[in-house]
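Novice:
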Amino acid sequence: MDVVASIDLSRNETGGFELAAALAVAMAGIDQQTAERVVQGARAVCLYSNAIRSNVDVSVR
Numbered sequence: 042m043d044v045v046a047s048i049d050l051s052r053n054e055t056g057g058f059e060l061a062a063a064l065a066v067a068m069a070g071i072d073q074q075t076a077e078r079v080v081q082g083a084r085a086v087c088l089y090s091n092a093i094r095s096n097v098d099v100s101v102r
């Protein structure tokens with residue numbers, strides 16, 4: 042499995058800062074449906090994902 046994370050720091054409408062994350066996930070030999078289930082499961086139990094949920098926009102492709 043390969044994961045590449047890109048993090049964006051930008052200004053929000055109140056002048057503060059906000060983070061966004063884009064994750065590019067590749068799983069050789071795994072079909073798309075299975076890969077999506079694995080990623081969803083990982084996001085459900087990951088301490089970091091739980092800590093930033095609703096605070097950081099995270100996209101996965």
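In terms of the working numbering, the numbers along the sequence shown are unbroken and rise by one, the last being 102.
Glycine included, C-beta positions come from ideal geometry on N, C-alpha and C.
Could you name the residues that DSSP lists as bridge partners for E19?
Specialist: Only positions 42 to 102 of the chain appear in the structure, and residue 19 is not among them; the question remains open.
Novice: Per the DSSP calculation, V99 is bridged to which residue(s)?
Specialist: A62
Novice: Who are the Cβ neighbours of D98 in its own chain at under 6 Å, not counting the five residues just before and after it?
Specialist: Once the five neighbours on either side are set aside, the close Cβ partners of D98 are A61.
Novice: Is A69 helix, strand or coil by DSSP?
Specialist: coil
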